[in-house]
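**Q**
In my numbering, the protein residues as written are 176 to 615.
1) May I have the straight-line CA-CA distance separating residue 516 from residue 522, to the nearest angstrom?
2) Specify the secondary structure class of residue 445 as computed by DSSP and reduced to three states.
3) Report the CB separation of residue 296 from residue 510 in whole angstroms; it is logged as a contact under 8 Å.
4) Would you decide whether residue 481 is buried or exposed? Buried here means 16 or more other CB atoms lie within 10 Å of its CB.
5) With 16 other CB atoms within 10 Å as the buried threshold, where does residue 460 fall?
6) Who are the Cβ neighbours of residue 595 in its own chain at under 6 Å, not counting the five residues just before and after it?
7) Please report the residue range of the alpha helix (DSSP H) in which residue 251 lies.
8) How should residue 275 be labelled, buried or exposed, when 16 other C-beta atoms within 10 angstroms of its C-beta is the threshold for buried?
9) Which term fits residue 487, buried or exposed, when burial requires 16 or more other beta carbons within 10 angstroms of its beta carbon?
10) Could you say which of 447, 582, 220 and 291 lies nearest to residue 397 if we only look at CA atoms?
11) Let me make sure I understand the geometry here. Which of 534, 399, 428 and 341 has the alpha-carbon closest to that of residue 232?
12) Going by C-alpha to C-alpha distance, which of 355, 358, 439 and 328 sits closest to residue 345?
13) Could you round the C-beta distance between residue 293 and residue 528 to whole angstroms and report it? I think they count as a contact, below 8 Å.
14) What are the residues that DSSP puts in a beta bridge with residue 607?
15) Applying the 10 Å Cβ sphere with the 16-neighbour rule, what's the burial state of residue 156?
16) Counting only the same chain and skipping the five closest in sequence on each side, list residues whose C-beta sits under 7 Å from that of residue 588.
17) At which residue ranges does the segment 465 to 514 contain complete beta strand (DSSP E) runs of 3 or more residues, listed in the order of the chain?
18) Taking residue 261 and residue 356 to be in contact with their CB atoms under 8 Å, please state how far apart those CB atoms are, rounded to whole angstroms.
19) Please report the straight-line C-alpha distance between residue 350 and residue 259, rounded to a whole angstrom.
20) Looking only at its own chain, which residues have a Cβ that is under 7 Å from the Cβ of residue 366, when we skip the five neighbours before and after it?
21) Take residue 244 as the anchor and find which of 288, 401 and 384 has the nearest alpha-carbon.
22) Label residue 334 either buried or exposed according to how many other C-beta atoms from any shown protein chain fall within 10 Å of its C-beta, with 16 as the threshold for buried.
23) Is residue 562 helix, strand or coil by DSSP?
24) Rounded to a whole number of angstroms, what is the C-alpha to C-alpha distance between residue 393 and residue 429?
25) With a threshold of 7 Å on Cβ separation, who are the neighbours of residue 493 within its own chain once the five nearest residues in sequence on each side are excluded?
26) By Cβ distance below 6 Å, which residues in the same chain neighbour residue 496 in space, the five residues on each side in sequence not counted?
27) Comparing C-alpha positions only, which one of 381, 405 and 537 sits nearest to residue 559?
28) Tell me where the alpha helix (DSSP H) around residue 223 begins and ends.
29) Report buried or exposed for residue 317, applying the criterion of at least 16 other Cβ atoms within 10 angstroms of its Cβ.
30) Below 8 Å on the Cβ atoms is my guess for residue 465 versus residue 575; work out the distance and round it to an integer in Å.
31) Since residue 454 is in the alpha helix (DSSP H), which residue starts that stretch and which ends it?
32) Spatial neighbours of residue 200 within its chain, please: CB distance less than 6 Å, with the 5 preceding and 5 following residues excluded, ordered by chain position.
33) Taking a contact to mean a Cβ-Cβ separation below 7 Å, would you say residue 463 touches residue 395 in this structure?
34) Whole angstroms is fine: what's the gap from residue 564's alpha carbon to residue 512's?
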């Protein structure tokens with residue numbers, strides 16, 4: 176009797192195990208990919224913000240917690256990733272080569288974006304003859320009067336702990352590059368210890384990143400609901416600023432769908448569609464958060480694990496890109512400055528437009544990877560061109576919508592830089608374009 180009971184017990188346990196295994200397989204089989212979950216969160220957030228404008232406070236905390244969690248890991252991620260990446264390069268020759276490639280791509284990419292914006296704003300002329308019966312106050316907008324020299328000087332931190340606490344990414348990156356380089360200059364035993372330490376720390380931060388990313392759909396639901404609830408006069412704004420918004424959108428789409436894919440295909444030998452699929456989660460998050468800095472953890476995860484870029488390349492190029500490579504922001508600053516000049520009837524000569532291009536490039540490099548950074552940095556462009564700063568009041572009402580779009584382009588360009596540079600270093604990626612078989 177006892178024998179049969181034991182057999183039945185073993186059989187029952189086996190059945191339970193098989194049920195759990197089948198349930199896990201079924202769960203994995205029907206689990207939505209993260210990009211689909213994020214998209215659903217974005218749609219539901221839009222509906223909630225539209226229908227329950229007065230009750231948005233009940234879900235806003237979801238977005239606040241998600242953003243705080245992302246910001247919590249930005250500084251540790253940049254520190255550990257860049258130190259690991261630079262120390263892993265081995266010598267100053269490798270570091271110099273990678274730095275030259277990275278900055279060359281970033282400068283050229285931003286210039287192409289700015290010239291694209293200049294072309295579209297001169298073609299469409301959205302501000303000529305525009306009669307805008309409304310402006311918004313810019314009293315609460317921090318106006319920056321930083322010169323190029325100020326930006327260069329402030330790259331060097333006077334207190335690295337304060338730079339980390341304040342999320343001053345340029346200063347954190349500067350320190351991390353120097354620290355990583357000088358790790359390669361110390362005794363072998365100490366060098367190996369520090370490389371192992373920071374590699375382990377980077378791996379731990381990436382694990383934490385993947386954990387936080389799981390909550391992206393919920394966080395994005397709260398973020399989007401708040402943004403949508405504040406757009407009370409969206410119809411009126413689109414009517415008044417429709418041509419301006421269309422100009423920015425057309426320029427951004429051209430750069431994102433034409434210029435960058437061409438660079439991917441013909442310079443990097445990468446399939447743009449495959450890379451876009453790999454980056455879909457990060458791009459949707461960038462659109463929802465309007466912050467390339469907050470999206471950086473997810474961008475790094477997808478570039479490494481989906482596109483196949485090595486940690487060495489990704490950990491150096493992406494944190495740098497999130498801080499200094501702002502294609503969408505640079506393009507937007509160019510269009511916005513020209514639009515304001517057109518509205519006020521101020522004609523800008525070719526020389527002035529050339530100065531605007533150069534200034535927009537420098538301003539985009541100094542822009543922080545946070546929401547509304549482009550709007551703040553545009554004051555530099557307006558000041559250099561002698562345009563009224565009050566003109567920002569004409570465009571501030573629709574800036575949040577355009578900010579979401581230009582941030583998406585910023586992240587798309589950063590990820591493109593990582594794969595192109597990785598290919599130039601001889602790395603084999605998961606998103607490489609298939610070579611056509613020769614007909615013999």
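In this text, a Cβ means the ideal position worked out from N, Cα and C, and glycines have one as well. Quick caveat, the model's predicted, so the values are computed rather than measured.
**A** Judging by the given coordinates:
1) Each residue's Cα considered, the two are about 7 Å apart.
2) In the three-state reduction of the DSSP assignment, residue 445 falls in the strand class, which pools E and B.
3) At roughly 5 Å, the Cβ-Cβ gap stays under 8 Å, so residue 296 and residue 510 are in contact.
4) Buried.
5) Answer is buried; the Cβ neighbour count reaches 16.
6) Only 442 and 443 meet the Cβ criterion.
7) It spans 232 to 264 - the alpha helix (DSSP H) in which residue 251 sits, taken as one unbroken run.
8) Exposed: under 16 other Cβ atoms inside 10 Å.
9) It counts as buried.
10) Just measuring C-alpha positions, the residue of 447, 582, 220 and 291 sitting nearest residue 397 is 220.
11) Comparing Cα-Cα distances from residue 232 to each of 534, 399, 428 and 341, the minimum goes to 399.
12) Of the candidates 355, 358, 439 and 328, the one whose C-alpha sits nearest the C-alpha of residue 345 is 328.
13) So it is a contact: roughly 6 Å between Cβ atoms.
14) Answer is 445, bridged to residue 607.
15) The structure shown does not extend to residue 156, since the chain spans only 176 to 615, so no value can be given for it.
16) So the list reads 284, 435, 500 and 502, once near-sequence residues are dropped.
17) DSSP runs (the beta strand (DSSP E)) wholly in the segment 465 to 514: none.
18) Rounded to the nearest angstrom, the Cβ distance from residue 261 to residue 356 is 6 Å, consistent with a contact under 8 Å.
19) One C-alpha to the other measures close to 13 Å.
20) Take residue 366, set aside five residues on each side of it, and the residues of its chain with a beta-carbon closer than 7 Å to its own are 358 and 359, in chain order.
21) It is 384.
22) In the assembly as shown, residue 334 is an exposed residue. Its beta-carbon has fewer than 16 other beta-carbons within 10 Å.
23) Coil.
24) Looking at the two C-alpha atoms, the distance is approximately 31 Å.
25) If the five residues before and after residue 493 are omitted, its C-beta is found closer than 7 Å to the C-beta atoms of 471, 474, 475, 478, 589 and 593, all from its own chain and listed in chain order.
26) 589 and 592, listed in sequence order.
27) Comparing Cα-Cα distances from residue 559 to each of 381, 405 and 537, the minimum goes to 537.
28) From DSSP, the alpha helix (DSSP H) with residue 223 extends over 209 to 226.
29) Caution is warranted here: a pLDDT of 47 is assigned to residue 317, below 50, making its placement in the model unreliable, and the coordinate value is therefore given only provisionally. Exposed: under 16 other Cβ atoms inside 10 Å.
30) Contact holds; Cβ gap of about 7 Å.
31) According to the DSSP assignment, residue 454 belongs to no alpha helix (DSSP H), since it is labelled neither H nor E.
32) Low per-residue confidence applies at residue 200: pLDDT is 43, beneath 50, and the placement is therefore not dependable, though the value from the model is reported in the following sentence. Closer than 6 Å at the Cβ level, and outside the excluded window around residue 200, lies no residue.
33) Result yes, Cβ atoms of residue 463 and residue 395 sit closer than 7 Å.
34) Take the alpha-carbon of residue 564 and the one of residue 512: they are about 10 Å apart.
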